[in-house]
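**Student:** Take a look at this one; I'll ask things after.
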Amino acid sequence: PALHRMAQDGWLRAEWGTTEKNRQARFYAITAAGKKQLELEERSWVRLSDGVQRVLRYT
5 PALHRMAQDG WLRAEWGTTE KNRQARFYAI TAAGKKQLEL EERSWVRLSD GVQRVLRYT
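Under the numbering used here, the letters of the sequence shown match residues 5 to 63, in that order.
In C-alpha cells, the structure reads:
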C-alpha cells in the first residue's frame with residue numbers, strides 16, 4: 005500500500021517487468037518529484053531529531 009500511494013502521488017514510477025528468474029514483478033523508480041519530497045522529509049526528520057536530542061540533553 006505505501007508504494008502504491010507514493011506512485012499515486014507521483015513520487016515513484018511503477019512498471020511491470022521480468023526478473024532474472026523470468027517471473028513477472030513490479031519495479032519502482034523514484035521520480036524528480038519523489039526526490040524533492042525525499043529531501044523535504046529528510047530536512048523535517050533532522051529538525052525533529054535535533055529537537056528531541058536537545059530535550060534529552062536538558063532533562
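From the three backbone atoms N, C-alpha and C, an ideal C-beta is built for every residue, glycine too.
Leaving out five residues on either side along the sequence, give the residues of the same chain with a beta carbon under 6 Å from the beta carbon of Q41.
**Tutor:** Taking C-beta separations shorter than 6 Å and ignoring five residues to either side along the sequence, the partners of Q41 in its chain run W15, following chain order.
**Student:** Does the contact criterion of 3 or more C-beta pairs under 8 Å hold for the segment 21 to 33 versus the segment 46 to 58?
**Tutor:** no
**Student:** Output the distance between the C-alpha atoms of E19 and A6, rounded to the nearest integer angstrom.
**Tutor:** 16 Å
**Student:** Kindly indicate the opening and closing residues of the alpha helix (DSSP H) around R58.
**Tutor:** A36 to R61
**Student:** Inspect the beta-carbon positions of A37 and D13 and report whether they are closer than 9 Å.
**Tutor:** Going by C-beta atoms, A37 is nearer than 9 Å to D13.
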